[in-house]
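Sequential numbering from 1 applies to the sequence shown in the working numbering.
Below is one structure, written out as structure tokens, with a few remarks after it.
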Amino acid sequence: MTFTIATTLEDALAAMAAGARPVAGGSDLVVAARHGKAALPASIVAIDRLGDLARVTGTDDGVRIGALATHATLMLHPLIVDSYPGLADACALVGSPATRNVGTLGGNVMNSSPAMDTGAPLLALGARVELRTVDSTRVVPLAELWTGPGRNVAATDELCTAILVPAPTAAGGTRSSSAYVRLEYRRAMEIAVVGAGASITLAADGTVESLAIALTAVAPTIISVTGLDAFVGKPLDAAALTAVGEIASEQSSPISDLRAGDSYRRHCVGVMARRAAEAAARRAAGEIIGIPVNRAFGIGAAR
Ligand SMILES: Cc1cc2nc3c(=O)[nH]c(=O)nc-3n(C[C@H](O)[C@H](O)[C@H](O)COP(=O)(O)OP(=O)(O)OC[C@H]3O[C@@H](n4cnc5c(N)ncnc54)[C@H](O)[C@@H]3O)c2cc1C
């Protein structure tokens, strides 16, 4: 096995061009190897010293989150908490303080698990990933990135350098916000049983201008809920929220395993979608709901 520590982006990209696999926090790659789920790659390049890739920067059209930004950073970052609270909700739920301190957003997204927590809010927010090689850069919408559990369209020599999230629409009196909730059986070191991320823009009169919802752990990849345009121009009242939950539930195709049967998961995804939409709408209307929504709403395991 070869192990290289990259101190520049160019070193990292050259190592990947030569066949090395990147390791950031190692909380998926190394932990999976220790648990015997997958052997360590024959060649690894550590990218955790590339400080420039940990930056979170406001841009003209949103935010550029360096792939090495950790969950611990993002859950408290003022720009993320203020404008993309759904992402902060998700980061705040990942693992434990130790996991959040080493685990990166790039690692979460590129590991491509359908149970990853940041995927649903990022997809609902319309995020894209920047992928670089030694001689190319391309930007891929998250909606086109994941192809199956642990699989994505990135070539083996492509490093995710940033996650780009568009600015929430908030023109002409509109107000936008987002939220992420998940069903969990305990409060730390847990993976979502199912989850939902919602992003909403409310018109000045309080009706829905746009609504996007994405679902965690209900299909081979994180998926977007379709058909939500039907709610545009209407208030997101109790009947509408119930309908949102039903649509999400119908579009999910979860598995049965030790943690939950498929019918229970399908029911719960409706509940999570409804709660995520409600929390996002209440935030957009100006209410302060603490991060993560799971704790604020008392979702999941009891205190
Ligand atoms: C105890 C525990 C609890 C956890 N709980 C949760 C949880 O609640 N929710 C959740 O979503 N996840 C959870 N995880 C999974 C993990 O912590 C996250 O997915 C984390 O964000 C992974 O980031 P990392 O930097 O550690 O990735 P790594 O392990 O370093 O990498 C993961 C994969 O992505 C690739 N990769 C990493 N960075 C890049 C990059 N920049 N470009 C291209 N490919 C890259 C690696 O080659 C590898 O295949 C948990 C893990 C543990 C050990």
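C-beta: ideal position from N, C-alpha, C; glycine also.
*How about residue 276 and residue 198: do their beta carbons lie closer than 8 Å?*
yes
*What distance in whole Å lies between the Cβ atoms of residue 24 and residue 48, which are believed to be in contact at a cut-off of 8 Å?*
6 Å
*Flag residue 21 as yes when its Cβ comes closer than 7 Å to any non-hydrogen atom of ligand 1, and as no otherwise.*
yes
*N- and C-terminal bounds of the beta strand (DSSP E) containing residue 351*: Any property of residue 351 remains undetermined from this structure, which presents the chain solely from 1 to 303.
*Are residue 166 and residue 62 closer than 8 Å when you measure CB to CB?*
yes
_For residue 100, report the span of its alpha helix (DSSP H) as first-last._
97–102
*Of all the alpha helix (DSSP H) runs that stay within the bounds of the stretch 162–201, which reach a length of 4 or more residues?*
As summarised for the stretch 162–201, there are no continuous alpha helix (DSSP H) elements at least 4 residues long confined to that stretch.
_Going by C-alpha to C-alpha distance, which of 177, 101, 10 sits closest to residue 289?_
177
*Give a yes or no on whether the C-beta atoms belonging to residue 252 and residue 269 are separated by under 8 Å.*
Taking the C-beta atoms as reference points, residue 269 is found nearer than 8 Å to residue 252.
*Count the other CB atoms, across all protein chains shown, that sit within 10 Å of the CB of residue 213; report buried if there are 16 or more and exposed otherwise.*
Using a 10 angstroms sphere on the CB of residue 213, the tally of other CB atoms reaches 16 or more, which defines it as buried.
*What number of angstroms, rounded off, separates the C-alpha of residue 235 from the C-alpha of residue 1?*
Rounded to the nearest whole angstrom, the CA to CA distance from residue 235 to residue 1 is 58 Å.
*Which whole runs of the beta strand (DSSP E) in the stretch 8–62 are 3 residues long or more, in chain order?*
21–23, 43–46, 56–59
*Helix, strand or coil at residue 72 according to DSSP, with G and I counted as helix*: helix
*Below 8 Å CB to CB, which residues in the same chain sit around residue 94 once its five sequence neighbours on both sides are set aside?*
71, 100, 103, 108, 117, 118
*What three-state label does DSSP hand residue 217 in the structure shown?*
Correct three-state label for residue 217: coil.
*Taking residue 65 and residue 222 to be in contact with their CB atoms under 8 Å, please state how far apart those CB atoms are, rounded to whole angstroms.*
Their Cβ separation, rounded to whole angstroms, is 17 Å, which puts residue 65 and residue 222 out of contact at 8 Å.
*Thinking C-beta only, is residue 215 closer than 8 Å to residue 273?*
yes
*May I ask you to check if the CB of residue 101 is nearer than 7 Å to at least one heavy atom of ligand 1?*
No, ligand 1 has no heavy atom inside 7 Å of this Cβ.
*Could you give the C-beta distance for residue 132 and residue 13, rounded to a whole number, given that I count them as a contact under 8 Å?*
The Cβ separation is near 6 Å, so the contact holds.
*residue 126 in three-state terms, based on DSSP*: coil
*Of the listed residues 10, 295, 32, 248, nearest to residue 150 (C-alpha basis)*: Of the listed residues, the one whose Cα sits closest to residue 150 is 32.
*Please confirm whether residue 219 and residue 86 have their CB atoms less than 8 Å apart.*
no
*Identify every residue that forms a DSSP beta bridge with residue 131.*
Residue pairing of residue 131 in beta bridges, as defined by DSSP: 138, 160.
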